[in-house]
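Chemist: Pasting a structure below so you can have a look.
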Amino acid sequence: ALAVLLLWGLSLQLQRQLRDQVLERAQVRSQLLADAMAGQVETTLAVLDLGLLGLRSAWPKSREVFDEVEQQVLGTLPAGLVSHLSVIDAGGTVVHNSLGAAPGTFVGDRPHFQALREGGDRLVVGEPVRSRLTGQWLVVVGRPMFRDGVFAGALHFNVSSEHLARLLGRLALSDNDLVALVH
Numbered sequence: 002a003l004a005v006l007l008l009w010g011l012s013l014q015l016q017r018q019l020r021d022q023v024l025e026r027a028q029v030r031s032q033l034l035a036d037a038m039a040g041q042v043e044t045t046l047a048v049l050d051l052g053l054l055g056l057r058s059a060w061p062k063s064r065e066v067f068d069e070v071e072q073q074v075l076g077t078l079p080a081g082l083v084s085h086l087s088v089i090d091a092g093g094t095v096v097h098n099s100l101g102a103a104p105g106t107f108v109g110d111r112p113h114f115q116a117l118r119e120g121g122d123r124l125v126v127g128e129p130v131r132s133r134l135t136g137q138w139l140v141v142v143g144r145p146m147f148r149d150g151v152f153a154g155a156l157h158f159n160v161s162s163e164h165l166a167r168l169l170g171r172l173a174l175s176d177n178d179l180v181a182l183v184h
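Here my numbering is used: the first residue of the sequence shown is 2, the next is one more, and so on.
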């Protein structure tokens, strides 16, 4: 009976040690995945912001100059990342898009545009929205434009949510991993 109690006590102690080791490994793996996701997202946003700043400096100098800069910037971005670029006037109307679609789409009611209009000179990442031009689900990444210190409109990269999912899906996930990108 004493031997059985001793074995039972050792078994319980080993189970606790094993559980603690598994939990510690899971915590380390979770932190590594979170760091990897953060690195991917930060790098992607930095590249998009750099592109928006370059485009902003070219608008509205001349249409030829802007078209050239637009082609250069869009050509340097990873294929499929950006669905299209939109230039929006101060009232919230699209005056140019890289799809060649007719201007006139109104986005002034969208929270990402309102945040740009009211938020100073900063990069704004909106919540996923269905594009009024393409019908796709996109994440709008934008920068405001100013003329003489006054809000004059915005530039938006319309980022494919599917591309973001594929980008983050490249992380080495196991069947037990679950990741989410939270705004």
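C-beta atoms are modelled at their ideal positions from N, C-alpha and C, and glycine is treated no differently.
1. Across which residues does DSSP place Asn98 in a beta bridge pair?
2. On the CB-based measure, 16 or more other CB atoms within 10 Å of its CB, does Phe107 come out buried or exposed?
3. Going by beta-carbon coordinates alone, are Ser99 and Glu71 separated by less than 8 Å?
4. May I have a chain-ordered list of the alpha helix (DSSP H) segments no shorter than 4 residues that lie completely inside the region 107-139?
5. Leaving out five residues before and five after Phe67 in sequence, what residues of the same chain have Cβ atoms less than 6 Å from its Cβ?
6. Can you grab the Cα-Cα spacing for the pair Ala47 / His157, in whole Å?
7. In its own chain, which residues sit with a C-beta less than 8 Å from the C-beta of Pro251, not counting the 5 before and 5 after it?
8. What does Arg144 pair with, by DSSP beta-bridge criteria?
9. Can you tell which of Asn159, Gln14, Leu8, Gly76 has its C-alpha closest to the C-alpha of Val126?
10. Keeping to the same chain, check which residues put their C-beta closer than 7 Å to that of His113; ignore five residues upstream and five downstream.
11. Determine, using beta carbons only, whether Leu75 comes closer than 8 Å to chain B.
12. Thinking C-alpha only, which one of Met38, Ala39, Ser132 is nearest Leu273?
13. Have a look at Thr94 and Leu82 and give me their C-alpha separation to the nearest angstrom.
14. Mapping the DSSP letters down to three states, classify Ser63 as helix, strand or coil.
15. Would you call the CB atoms of Gly52 and Val74 closer than 8 Å?
Modeler: For this structure:
1. Residue numbering aside, residue 98 sits at position 97 when the sequence shown is read from its first letter. According to DSSP, Asn98 bridges with Ser87.
2. Against the sequence shown, residue 107 aligns to sequence position 106. Under this definition Phe107 is an exposed residue.
3. Start at 1 with the first residue of the sequence shown, and residue 99 comes out as number 98. Start at 1 with the first residue of the sequence shown, and residue 71 comes out as number 70. The answer is yes: Cβ separation under 8 Å.
4. 112-119
5. Numbered from 1 along the sequence shown, position 66 holds the residue referred to as residue 67. The residues are Ala59, Trp60.
6. Your numbering for residue 47 matches position 46 in the sequence shown. Your numbering for residue 157 matches position 156 in the sequence shown. If you take the alpha carbons of Ala47 and His157, they lie about 14 Å apart.
7. This structure leaves residue 251 out entirely; the chain is present only between 2 and 184.
8. As a first step, residue 144 must be located in the sequence shown, where it is residue number 143. DSSP lists Leu156 as partners of Arg144.
9. Within the sequence shown, residue 126 is the residue found at index 125, counting from 1. Of the listed residues, the one whose Cα sits closest to Val126 is Asn159.
10. Within the sequence shown, numbered from 1, the residue matching residue 113 stands at position 112. The answer, listed in chain order, is Val125, Gly127, Val141, Gly143.
11. Here chain B cannot be found, since the structure has a single protein chain.
12. Beyond the ends of the chain as shown, which are 2 and 184, falls residue 273; an answer cannot be given.
13. Reading the sequence shown from its first residue, position 93 is the one you call residue 94. Reading the sequence shown from its first residue, position 81 is the one you call residue 82. Approximately 23 Å, taken between the alpha carbons.
14. On the sequence shown, residue 63 is found 62 positions in, with the first residue counted as 1. It is coil, neither helix nor strand.
15. For the purposes of this step, residue 52 is identified with residue 51 of the sequence shown, where counting begins at 1. For the purposes of this step, residue 74 is identified with residue 73 of the sequence shown, where counting begins at 1. Result yes, Cβ atoms of Gly52 and Val74 sit closer than 8 Å.
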